Amino acid sequence: MLDRLRSGFWMLLMKRENAYKLFQLIKQAKLEWEIEEFEWRRSDLAFFIARKNDQALNEIILNLLSNHNSLQIIDWGRFLSRSHHPFQNK
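Pasting the structure below:
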């Protein structure tokens with residue numbers, strides 16, 4: 006299940022204010038994506054979610070990931086699949 010999500014969608018975790026700044030930039034380009042809250046107890050974080058089938062958006066996201074360290078932006082799907090405590094559906 007996680008592999009299918011990772012292969013079809015970008016799930017990036019970042020600070021909420023950065024996610025909304027990115028939203029304003031990408032909104033002007035008319036690309037499809039969503040922002041969702043991370044958790045009700047952590048209102049400072051948000052998910053940036055987008056499909057991986059848009060080449061222009063893929064280039065933007067790969068640029069973000071390569072030019073920012075993991076304290077600023079996290080590829081959540083990659084984190085879950087490589088963590089020491091693998092994600093499991095129960």
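Under our numbering, think of the first position of the sequence shown as 6, with each following residue one higher. Quick reminder that beta carbons are idealized off the backbone N, C-alpha and C, glycines included. Nothing here was measured: the structure is a model prediction, and the numbers come from that model.
Each of M16, R56 and E42 was checked against the Cα of L50, and the nearest Cα belongs to E42.
Cβ atoms of R56 and E37 come within 8 Å of each other, at about 7 Å.
Note: W15 is bridge-paired with A55 in the DSSP secondary-structure output. In the DSSP assignment, E22 falls within the alpha helix (DSSP H) that extends over R21 to Q33. Residue state for L10 is assigned as helix, using DSSP reduced to three classes.
For I78 against M19, the beta-carbon gap comes to about 5 Å, under 8 Å, which counts as contact.
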